[in-house]
Each structure stands twice: as C-alpha cells, then as structure tokens.
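> Just so you know, the protein sequences line up as chains A and B, in that order. Going by the working numbering, the residue at position 296 of the first sequence is 505; the numbering climbs one at a time, nothing skipped. Going by the working numbering, the residue at position 444 of the second sequence is 653; the numbering climbs one at a time, nothing skipped. Beta carbons: idealized from backbone N, C-alpha and C, even for Gly. This is the structure I have questions about; it appears just below.
Protein chains: 2
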Amino acid sequence: MNGAEAVIAAARDQGIEICFANPGTTEMPLVLALDSVPGVRGVLCLHENVATGAADGYARMTGKPAMCLLHLGPGLANGLTNLHNARRAGVPMLNVIGEHASWHIAADPLLNSEIERLTAWFGSKAVRLGAALDAGRVVGEAVSAARNNRAIATLIVPHDLQIAKSDAAPFEQATAAPPRTFRAQKAGQAAQALRTSGAAMLLGGDALTERGLRLAARIAAATGAELYCDTFFARMERGGDLPRVKKLPYFPDAALELMKRHTRVIIAGTRRPVTFFGYPGVPSHLVTDAQTVMLAEPGEDALGALAALADEIAAPEAFDIARAARPAVPKGPLDAAAVSAVIACLQPDNCIMMDEALTVGVPYFEASQGAPRFTHMMLTGGAIGQGPGTAAGAAFACPDRKVINFQSDGCGAYSVQALWTEAREHLDVITIIGANRSYNILNVELARAGITKPGRNARNMAMLDAPYLDWVRIGEGFGVPGVSVDTAGALARELEKALASKGPRLIEAVMT
Amino acid sequence: MNGAEAVIAAARDQGIEICFANPGTTEMPLVLALDSVPGVRGVLCLHENVATGAADGYARMTGKPAMCLLHLGPGLANGLTNLHNARRAGVPMLNVIGEHASWHIAADPLLNSEIERLTAWFGSKAVRLGAALDAGRVVGEAVSAARNNRAIATLIVPHDLQIAKSDAAPFEQATAAPPRTFRAQKAGQAAQALRTSGAAMLLGGDALTERGLRLAARIAAATGAELYCDTFFARMERGGDLPRVKKLPYFPDAALELMKRHTRVIIAGTRRPVTFFGYPGVPSHLVTDAQTVMLAEPGEDALGALAALADEIAAPEAFDIARAARPAVPKGPLDAAAVSAVIACLQPDNCIMMDEALTVGVPYFEASQGAPRFTHMMLTGGAIGQGPGTAAGAAFACPDRKVINFQSDGCGAYSVQALWTEAREHLDVITIIGANRSYNILNVELARAGITKPGRNARNMAMLDAPYLDWVRIGEGFGVPGVSVDTAGALARELEKALASKGPRLIEAVMT
C-alpha cells in the first residue's frame, strides 16, 4: 500500500463514500487509489466549484463529509466560493489536495503556490502530510475533526508521499464527538423573556429540523411568540404538517420593521441577525443587544435548549397547526410570483428544493407554505453559483428523492458545468432557471438608491441581455435536455412532464 | 465628487481605459462612477475568472494595466486562477474590490472574508483605502506600482468611502519607472560561454519581442548557439521574417535530453527552467547550475543585456534567415497534428494566437514556424481555463487584429462564460476547440507510468465522454455561432469562412 492508498483507505474507514474531483497530474496516485482501494466513488466535475458545491449539498443531506480531490493551489482556488458558502452552512467536508513533490516545491514550478493561504481564507484547518506512514492517523483526525466540528478539513498530500510505501496501520477510531451542550440558564432567561408580550424566536441550524420546529411550535403555542427563520438557511424541513415560520426579510428596512415589533427575540441555532450589506443609517444588527436572548449559539445544542425551554414553560405536547393551502396555478406571463407559485403548487412530496433563485425566489417561501413535506436549502454565504453543484450533491446523497434546483439565471451562469455531471451521473435533478435576464438585485439596489435611469455602464452591468443566454442550448451543450417557457401554464405543463420522468431536465422560465 | 468617482477618475488619469467587471451591491457607487466620470469602458463578464483573464490578455497586448472590478472576497476568489496565470505572465493589472462598509465588517455579514489573504496568495500588494480624500493618491500609487513592476495591484475600497465626499485632488504623476538594468559582467560571462562549442540560449519575457529575437538571432549567427524559448511564454512575436527558435519540451525527459547537449545555457528574460511537475529521479531544474549563465533575470533588462552581448561578440548586423514553409492542409480525420497544421496553414497575417490547446497544441509550435507574422500567447501558470478570457482581452486591446483562441476542450469548459462577453461586445475572436474529449494529459501521464488499462475511476477522471460536450450548443447558448467538424478539410473550410467575416465564431474540431 502506498501513501495515496492509505489516504483513501483511511477516508473510507472514516465513512467517506464519495469523492467529487477534478484531479491533475499530482493527484494521479490518489485517483488510482480510488480503484485499488474500493469503497469511495469518484465523480468528475468540470470545475472545482461544482465539486465543492456538491460536497456541500451531500453533507447538508447526509450530515456526513464528502471528499473533494483538487489539483494543487489553483484547483482549490477555483473551488473557494462554494467552500465559503459551505463554511457558512456549517457542514463537514474533507478536501484532499495533491501537492507537488516535497523536494520540488523550492524550485517554484509554475503551478506552485502557498495552499495554506487559501485554506486560511475560508477558515479550514489545513494539515500537510509529513510522512506516508502517518496517512491513516492524519486522515482519521482530519475527518473526525470535520465531522465533530461540522467544519472543512483540508489535507495536503505531496506527490512523493502519495507514492511512498505506507503500512496501512489502521487508525484507531477517533473518540466520538463530545455531545453539544447548551447553557441551562439561557433556557430560564428565554422563558422569562417569553412571559413578556410580543416576544419572537429566530431559528436557524438544527432548530430548523423537524424536531426543532416542533419544539419551537410548542413554545409558540404556549406563549404566542412569533417564529422566524434565517433569511438564508442551509437546510430547513418544511411543508406537510410541519409548523410554519416566517422568514426574516432580506432588505434591512423590512426586517427592522418586523423586529421592532418584538420586545425580545430568542435566538436558537443561529447568530444574531446581520444585514446582508451595510446601509448608511441602518444598524448592522437587526435586533438590538437588549432585545436578544441567545438561547443557543450555532455551535451549541439548539435542540436540547429548545427542549429545556419547552419544559421550563410547560409547553403543550399537542396542539392544532393550521395547514396552509397550496397556491393555485396562475395564468398568463411569468414573473417572480408566478414562477414561485407554479413550483410551490406542483412540487412533489418529499422533494429537495435547492433555492438559489434570489429575487425570482422571493415569493417562493410564502408560496410553498402549503406544499407537501420537503427539504429547503438556500445559498448560505452569498457567493453566487452554488445551486447547480449543491443540487447535484443532494441528488447523490438522496437518489430516491426528486431534486429541484430553483435557480436564477445570473447565479446559474456561474456554474453551468454542473449540468454535465448531472447528465453523466443521471442525477434526478430538475433545474428551473428563473430567467429575468439581469442581475436583478443590482436593479433593485439602484431603484432603492433613487436611480431610475442608470447610465450606460450601470445598465450594462445589471442586464444579461444582448445577447440573452439561451439556457436550452446551454443545457443541451452539457447533456441535459431542456425546454423554454414564458407562461405559467407552459411552465406547469413542462414541470409536470419533468416530474413524471427520472433524470436531469432543465426548464428555462423566461420572465417578462 | 465621491470616493468612487475619485477612484475612477484617478484610474483614468493613470491611463486605465477599460474595466472588466462583475460587480455587486458593494461596488454600485464604483459602477455609477464609470458613467459619471467618463473615460473608462465597463465590460461585464459572467464570471470573475473571465474578467481577470481578459485583463491579462489586454495587458499582454498593450503593456498597460486594465482594471478588474470584483465583488468582495468571493468575487476576487472566483478570479484567482487567472490572477495566478497573470502573475506568472508578469503583466500589470489593477483589481478594485468594493468592500463592505468599514463599520459593518465587525458584524461579519455573510459575504465577509479577509480579502488580503487572497491577494497574498497570488503575490499582489493589497491596499485598503482608509479615507476617501486619499483615493487619488492611493490609486495613482497602485497603478504606478503595477505598471513599474509589471505586477498586480489590488485596491480595497470600503462602501462608506465610496460614497463619502472626496475632493478630486489631482494625483501628482508618479515618477516614471526607473529603467530596468542589467549586469554588464553577465554579458561578458555570456560571451565567454558562447566561445565554447555547444552553447545554447533560453529566451523568455522581453527577449521574445521582435527586438529581443533579432538580437538573439544575431548572437546565434555569430556563435552557432542554439536558441530556445520557454515552454510556456506570455507573449512571443513569431512568423514572417522573424528568427525562429525551438521550444523547450514539456516533458522533462525530452527537455533534459536536449539540454544535456549544451555545454552552457545562457538565459535571458526568464528563470532557470523548472520541470512542470516533480518526477521521481528527475531533477527539478532542466539545466544545472554549472551550465547556467543568467544573462538577465525576469526583472532585469533583457533587451539591454542582449544588445550588450551582441556588441561584446561583435555579432553581425545582417545575415540570412531561412524562412520555414507553411504546412500543407492535411486530409482525413483530425488529430492533434492535423488540427495544428490546418490552423498554422490558414492563420492570417498579424493575427493574435491565444494557445491553451495543451496536448492538442503540441504540434502547433513547429507547424506555425512558417506562418505569417503573429503574436503567440500561451497559458502561463498552468491553471487551466485561461484561453477564453485572455483571448477576449486581447481582442479589446487590438480590435483591428483577428484573434484565434486555440483551445482544448477540457480547459475551455472551465471558462465558457467568456463566449457571452465575446458575443455582447462583437469581439473578433475565433474559438477553435480541439475536442479530444478527455483531459488527455492525464491519459498521457498514466501511459508514462505504464498504466495502459486504468480502472473505472481513473478512466472516468480523464475522459470527457458520456456525454460529450456539444460545443456548438454551448457556443449558441452564450450567443456565439458555431459549427462542428471532424475532418481536416472541413476544418479548413470552416476556418476560412470564419476568417472571412468579423465577430465571434466557434469551431469544434472533433478528434478521433
């Protein structure tokens, strides 16, 4: 067994099942090890940001780390923005990078770079393998740390160590993650705060699982507290008989207006909410220090804290939850509301919704309140181009569930290469492009700033026209069949057709 | 005038004419300034790596920096690999990044990151604007430094400073770059070395300009020295009546074999050559210390040094240069030799060739020895996906010259978004995709390692089949008309057609 095989064997023994990759020459022993050490499935991605996005989606759906195999510093660099998003999502992941041979680095070959500068940028602990014999231990520690801390670990494996002999010393299973804890006095403080009228709860992370939502709903039923979720969440269970919550609005004026209504805001599983950008005259934080009761920080046991709070206030076990109605299929041309309504109306039971629709998707959250049970994932770090890769990763994780990637065109254009992996691996993903043919958020921001007639440059920077992207052609180019529609009726028909079959499909929903 | 306008005005006053951009909310004042402060043309790119690649191509052709306008850390992150390539090319560039408002950063909004960690990775000096009134001076210094050092400068401009009032204090023109120098004793050492038989010269950087090549040819005519150029050069003038040189082979065994024939190797405008990867048993450096005479390092005055050397040995002013013949148009199915021959046979006078064809393009250098005058650019840092953006940037720089982007399919798939900018801006670029439908270099490396029947994973990582990329569809999706060919005759016909018209075209050359 060589060092590369020891790395793959150790990753497999730590529960890694899949490797999203775009390898180069310095990773070839690791690629060969995927064959000689069975157990880890290799998946080629045509761009590293698809690989890292897929690993994020896989981790969100399974709770387990996938492996990314990336070529030197530049390969990692290409995957950075979805690593940024994955960090914000709080998922475990293992990056493995084939580095130049140790003895070759001093000569500064063209592809050479300081890889650790990049891992520092997205807050990943990087370990550089120093001896082939250590591969088992180092991989074991890295995967354990990733899983236990829901973090991204990066292992840099010089080529000479990949090909060096490495006894497959089995890694002693790392001790299980210490259970997350919560601070009991916080439950008491939250109970106290809930006794004032006009309290609210803001939920994120584990609080958006089924268990978390049911606990929060019990607390709300007992106290009348309003329930909110983060504007951008990694994963939320929704629909069916699950309790509903409101989503914190994106724009700070609307969010502040809502939050001002609440005397206290009890936060579980997420941070005190921050405006997406800093707007003059608007505070960075949407709730004040005085309003905030931090029941459970992101690293704490939000479920335990919610359960303790429910006990503390003797919340009822059973209560009625009024179910929302599904929207009717609208008629006529498409706008954000119509696209959102059609999807919310037709999405099947138990589907996975990757939602990087941004302005097109604003109406979707409310529209889908009455949908059957589904898992809702969003863009977590604001770095656009996440949807296609993350949807693909979710499809690998859950091959029996239909994945819908509800995607804005501007964001989607960043990661078109993911369509090829969908085609090659026959992933059951429907990509719905909400084609407003612009970076519409920029137009919205210009309008908010009172600029109704932008100059030539400002207009050009926001408009994806001249030429329009032809998404059907792009999809076909990468192997995914598609169709373009511009009415709600046609979107509904095509979505029904796509839902009736398996495998990747693309629908371009052209908005007026 | 606000800070954003002061930045744009200062950039314009420093000679910046074009801005390749993908802005977000935190860059909107800078975008508006492109309209209110006329003189810098804004060009939208659908991915930041297209923007940075375009700025590289623009700089290679003009010697001047272009500006990239990028959205926060993630926007810079997406553009990193072509910044890596640009650094290796030694071009000037100005990145401007709209940062969160200074007062907002501490709240760690979702898109927040430590931008300076990224600039450190590609060796760029980053300056964070500290006061709007300083904008003129800071931009002036940054552009001067970029131009004088042929380096990438990065300016981080917090949003609050973009909208703050800034008197447009004109920046005192920076003192011109101190002229590059060379060490006179090196010319003497080189002259001495050239008196031994079997000497060679390795040229890069400025030594590959017309003047450099003619000086080197005079020296070779006087001494019999063999002339070589770097395996990967940023820009080389070639064809017509220019002196020919040999290219250092990519694989180290062939390169070492060649270099061993030479008692001394005189190097001008480039580094002592390093193997692309570290191969067991092969040295990192292709010429030994003892062989090396470093006439001019990359930062030194290679042209002055060559001129001094030519004087030192009293090289003849005039001598015959045997011109190479153009290849005939081959017949039959396409392989790397046939694709290269067709292009070399038909490329028009004074065209710009961006060559990221890798294994498909190996035969091209020799095949094009007899072509009419042209400028040849290559992938400089090994980070694939450079060709499409860099070709676009060259087309902006030289609107009257035909640009051919000779592109391998694996590399091209990284940067398909550049096609949209070509279409939108009616750039005169012909993209020729050498479609071997694989990451062929990996197959070559496997074969070199004696692996003729790779396992499933290794095969899958190297093959771009199942499905094939349909480049005509991809081109059409982004607005560039295209055609697919699979014989040399058809490639020649379609290339002639494309050459006869203006504007972007794509030809997929499918190899058997």
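1. Would A/His-309 be called buried (16 or more neighbouring beta carbons within 10 Å of its own) or exposed?
2. Of the choices A/Pro-458, A/Pro-608, A/Gly-643, A/Ile-306, whose alpha-carbon is the least far from that of A/Glu-631?
3. Relative to the C-alpha of A/Thr-725, which residue among A/Ala-516, A/Ala-523, A/Cys-438, A/Glu-466 is closest?
4. I'd like to confirm the pairing. Which residues does DSSP put opposite A/Thr-363 in its beta bridges?
5. A/Gly-345 by DSSP, collapsed to three states: which one?
6. Identify the continuous alpha helix (DSSP H) that holds A/Asp-564 and give its terminal residues.
7. Applying a beta-carbon distance threshold of less than 9 Å, which residues of chain A neighbour B/Gln-578?
8. Since A/Asn-614 and A/Ala-600 are thought to touch, with beta carbons under 8 Å apart, how far apart are those beta carbons, to the nearest angstrom?
9. Evaluate A/Gly-224 with the Cβ neighbour count: other Cβ atoms within 10 Å of its Cβ, from every protein chain shown; 16 or more gives buried, anything less gives exposed.
10. Within the 8 Å Cβ cut-off, does B/Phe-605 reach chain A?
11. Which full runs of the beta strand (DSSP E) of 3+ residues lie inside the stretch 451-529 of chain A, going along the chain?
12. Could you name the residues of chain B that A/Gln-626 contacts, counting a contact when the two beta carbons are closer than 8 Å?
13. How big is the Cα-Cα spacing for B/Ala-644 and A/Cys-254?
14. Considering only residues of the same chain and omitting the five flanking positions on each side of B/Pro-713, which have a CB-CB separation below 6 Å?
15. On the three-state DSSP scale, how would you describe B/Val-625?
16. Against B/Ala-553, what residues of chain A qualify as contacts under a CB-to-CB distance less than 7 Å, listed in chain order?
17. What are the partner residues of B/Pro-542, as DSSP defines its beta bridges?
18. Give me the DSSP bridge partner(s) of B/Thr-170.
19. Among B/Arg-702, B/Ile-650, B/Ala-699, B/Trp-629, whose alpha-carbon lies nearest the alpha-carbon of A/Tyr-677?
20. Could you name the residues of the same chain whose beta carbon sits closer than 6 Å to that of A/Pro-581, not counting the 5 residues immediately before and after it, in chain order?
21. Just verifying my parser: in three-state terms, what is the DSSP assignment at B/Ala-607?
22. Which of the three DSSP states, helix, strand or coil, is assigned to A/Tyr-573?
23. State buried or exposed for A/Gly-284, treating a residue as buried only when at least 16 other CB atoms are found within 10 Å of its CB.
24. What is the DSSP secondary structure of A/Ile-641, counted as helix, strand or coil?
25. According to DSSP, is A/Lys-711 helix, strand or coil?
26. Is the CB-CB distance between B/Leu-588 and B/Phe-441 below 8 Å?
27. Mark B/Ile-530 as exposed unless 16 or more other C-beta atoms lie within 10 angstroms of its C-beta, in which case mark it buried.
28. Relative to the C-alpha of B/Ala-675, which candidate in A/Ala-675, A/Val-548, A/Glu-685, A/Ala-667 has its C-alpha closest?
29. Assuming B/Gly-307 and B/Val-366 form a contact by the criterion Cβ under 8 Å, report the distance between their Cβ atoms to the nearest whole angstrom.
30. Output yes or no for whether 8 Å exceeds the beta carbon distance between B/Asn-258 and B/Gly-598.
31. At what residues does the alpha helix (DSSP H) containing B/Val-612 begin and finish?
32. Quick one: is A/Cys-221 buried, meaning 16 or more other Cβ sit within 10 Å of its Cβ, or exposed?
33. Starting from the C-beta of A/Arg-646, find all residues in its chain whose C-beta is less than 6 Å away, skip the five residues before and the five after it, and write them out in chain order.
34. Here's a check: name, in chain order, each residue in its chain whose Cβ is nearer than 8 Å to the Cβ of B/Ala-425, leaving out the five neighbours to either side.
35. Which chain B residues are close to A/Ile-650, counting only those with a beta carbon under 9 Å from its beta carbon?
36. My assumption, with CB atoms under 8 Å, is that A/Asn-291 sits in contact with A/Gly-332. Please give the rounded CB distance.
Taking the structure as given:
1. buried
2. A/Pro-608
3. Residue 725 of chain A is absent from the model: chain A starts at 210 and stops at 721.
4. A/Asn-304, A/Ala-335
5. helix
6. Looking at the DSSP string, A/Asp-564 is not in any alpha helix (DSSP H); the run it does join, the beta strand (DSSP E), is 560-565.
7. Around B/Gln-578, no beta-carbon contact reaches into chain A at under 9 Å, the shortest distance being about 24 Å.
8. 4 Å
9. Exposed.
10. no
11. 474-477, 501-505
12. Ala-622, Tyr-623, Val-625
13. 17 Å
14. Glu-631, Ala-632, Leu-636, Val-638, Val-689
15. coil
16. Within chain A, no residue comes near B/Ala-553; the closest Cβ sits about 25 Å away, beyond 7 Å.
17. Paired residues: B/Thr-696.
18. The structure shown does not extend to residue 170 of chain B, since chain B is modelled only from 210 through 721, so no value can be given for it.
19. B/Trp-629
20. Gly-448, Gly-449, Asp-558
21. Per the sequence shown, the amino acid found at residue 607 of chain B is Cys instead of Ala. Coil, per DSSP.
22. If DSSP states are grouped into helix, strand and coil, A/Tyr-573 belongs with the helices.
23. buried
24. Three-state DSSP puts A/Ile-641 in a strand.
25. DSSP places A/Lys-711 in the coil class of the three-state scheme, outside both helix and strand.
26. yes
27. exposed
28. When A/Ala-675, A/Val-548, A/Glu-685, A/Ala-667 are compared, the shortest CA-CA separation from B/Ala-675 is found for A/Glu-685.
29. Correct: roughly 6 Å between the Cβ atoms.
30. yes
31. Where B/Val-612 is concerned, there is no enclosing alpha helix (DSSP H), although the beta strand (DSSP E) it sits in stretches over 612-617.
32. According to the sequence as given, residue 221 of chain A is Arg; it is not Cys. By the 10 Å Cβ count, A/Arg-221 comes out buried.
33. Exclusion of the five residues before and after A/Arg-646 leaves Leu-673, Asp-674, Tyr-677 as the residues of its chain whose Cβ lies within less than 6 Å of its Cβ.
34. Met-410, Leu-412, Ala-416, Leu-436, Pro-452, Val-454, Ala-477, Leu-515
35. Gly-233, Thr-234
36. In fact, because the Cβ distance is near 14 Å, the residues do not count as touching under 8 Å.
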